[in-house]
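A.B. asks:
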Amino acid sequence: GFATNSGLACVAGLCMFTTSYSASLGPVGWVVIGEVFPMRIRGTAASVAVAINRGASAACTFVFLSLSDVLTPSGLFVMLAAVNACSAVAIYFVLPESKGKSLEQLEQDFAVLAGDYEFLGDKK
């Protein structure tokens, strides 16, 4: 189980995690949701994406203790650290830079990446 005699270390670790996550991977999902969908479906698509995000968060919450029992608390946190590291690498190499671009330019860039020739006006 979890150690109960290290409360201060747990609080300090939680504060460090919250601070670092809020300044790094935390906002990425919300920024991507606002930028990745075409204007014509952005509202509906963002709603579906947020619902999936909340569902995944609920699933993680529900299985946390079971995973902790199976993997041990240390093993679970090593697994979560590995997932976060893989996420950071994927975001760095896969997600295009959007700084300084308008939503219309981003929409066109994503249409090119997706091969949406109808959006681009090219009937291939």
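Just so we're aligned, residue 97 is where the sequence shown starts under our numbering, counting upward by one.
Using N, Cα and C, we set each Cβ at its ideal position, and we do this for glycine too.
(1) So what does DSSP say about P134, is it helix, strand or coil?
(2) What separation, rounded to the nearest whole angstrom, lies between the Cα atoms of V146 and V179?
(3) For P134, which residues from the same chain have a beta carbon less than 6 Å from its beta carbon, with the 5 sequence-adjacent residues on both sides left out?
(4) From the DSSP output, in three-state form, read off P192 for me.
(5) For S198, which of helix, strand or coil comes out of DSSP?
(6) Just to confirm, is the Cβ distance from E131 to S198 under 8 Å?
(7) Return the Cβ separation of A184 and L121 in integer angstroms, given the expectation that the two are a contact with Cβ distance under 8 Å.
C.D. replies: Per the coordinate set shown:
(1) As a working mapping, residue 134 is identified with position 38 in the sequence shown. Coil, per DSSP.
(2) The sequence position of residue 146 within the sequence shown is 50, counting from 1. The sequence position of residue 179 within the sequence shown is 83, counting from 1. C-alpha separation (whole angstroms): 20 Å.
(3) Residue mapping note: residue 134 aligns to position 38 of the sequence shown, counting from 1. Same-chain partners within the cutoff: E203.
(4) The residue given as residue 192 occupies position 96 in the sequence shown. Coil, per DSSP.
(5) Counting from 1 along the sequence shown, the entry for residue 198 is found at position 102. Reduced to three states, the DSSP call for S198 is coil.
(6) Locating residue 131 in the sequence shown gives position 35, where the first residue counts as 1. Locating residue 198 in the sequence shown gives position 102, where the first residue counts as 1. Result no, Cβ atoms of E131 and S198 do not sit closer than 8 Å.
(7) The residue labelled residue 184 in the question sits at position 88 within the sequence shown. The residue labelled residue 121 in the question sits at position 25 within the sequence shown. Correct: roughly 6 Å between the Cβ atoms.
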